[in-house]
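Heads up: the structure comes next, in structure tokens.
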């Protein structure tokens, strides 16, 4: 069973031409001279590479904002945590700005009584070239995570989203599954 995404629609610039018209840089290299794009992303436990194949069809995937829709196999045990490995070509900070956990998958309906989605603003961070985040995605119908990649002392989660692609790059990961 699947209902609704845990995050509503986000308005983002949809093309390089629109980005230029709005006055933002359509190229991923920040104006600070540091490339804040991710060089590779994978789920370590299953060696699943997250690339353009997972880009959202309805939301932007480039120019400072990347939106990925990632299916979780319905046979994945609900007690499994995924380690999301984010690699960068420069020593950067990766902030976990927000996460939203949707409805929990249960074997029996009575177990689900009183459970609802949970959303939290966060500012946890890692620094360096390799960033590993332990994400509890398997127990949920859906969950969403917002990460912001920036050079040290340039931006954080409170920086205006208008500066995406200039001072930082935003990554949104939406995990979804059908519960067995």
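In my numbering, the protein residues as written are 7 to 186. Just so it is clear, CB atoms sit at the ideal spot from N, CA and C, and this is done for glycine as well. Small disclaimer: the values here were computed from a predicted structure and weren't measured.
On the premise that residue 144 lies in contact with residue 95, defined as a C-beta separation below 8 Å, what is that separation, rounded to the nearest angstrom? Wrong, their Cβ atoms sit about 30 Å apart, outside the cutoff.
Roughly how many angstroms separate the alpha carbons of residue 177 and residue 141, rounded to a whole number? 15 Å
Short Cβ contact (8 Å threshold) for residue 179 with residue 135: no
Are the beta-carbon atoms of residue 133 and residue 97 separated by less than 8 Å? yes
Within 10 angstroms of the Cβ of residue 167, are there 16 or more other Cβ atoms? Answer buried if so, exposed if not. exposed
Can you list, in chain order, the residues of its chain whose CB lies under 7 Å from that of residue 52, leaving out five sequence neighbours each side? none
Reference residue 63, options 154, 73, 108 and 57, closest by Cα: 73
If you draw a straight line from the C-alpha of residue 117 to the C-alpha of residue 45, how long is it? Since pLDDT at residue 117 reaches only 46, below the 50 mark, its modelled position is unreliable, and the value read off the structure follows with that caveat. Whole-angstrom Cα-Cα distance: 41 Å.
Assumed close pair residue 49, residue 60 - CB separation to whole angstroms, cut-off 8 Å: Going by Cβ atoms, the distance from residue 49 to residue 60 rounds to 11 Å, so no, they are not a contact pair.
Are residue 78 and residue 153 touching if we call contact CB-CB under 8 Å? no
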